[in-house]
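Those letters in the sequence shown? Residues 8 to 86, per my numbering, in order.
Heads up, the thing below is written out as structure tokens.
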Amino acid sequence: MRSDITDLTQGQKKMRSDINDLKHGQKRLEAGLERLQKNIVVSISEYTEKIVDYVDDKTEALNKRVYQVETDLQRLSKQ
8 MRSDITDLTQ GQKKMRSDIN DLKHGQKRLE AGLERLQKNI VVSISEYTEK IVDYVDDKTE
68 ALNKRVYQVE TDLQRLSKQ
């Protein structure tokens, strides 16, 4: 009977240890998830900024071409 109680006590200690390990693992996962979410937000922000810069550059180049064509048309219409 005492060996049964000892076995139960040891099993209970093992279970507590396993539960503590699970809690620590969960905390690590939550911390990792938080870092990942922050990294995703930063990455999306940086990528969006690069897209905006790219579109701005293309728009500027296109505006220069349109201006040149308008200038040429104006010059030709005066002739």
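Every residue, glycine too, gets a C-beta built ideally from N, C-alpha and C.
- The beta carbon of Glu67 lies closer than 6 Å to none in the same chain, with the five residues before and after it left out.
- In this structure, the CA atom of Leu69 is about 10 Å from the CA atom of Val62.
- DSSP places Met22 within a helical segment (H, G or I) once states are collapsed to three.
- When secondary structure is reduced to three states using DSSP, Gln86 falls in the coil class, being assigned neither helix nor strand.
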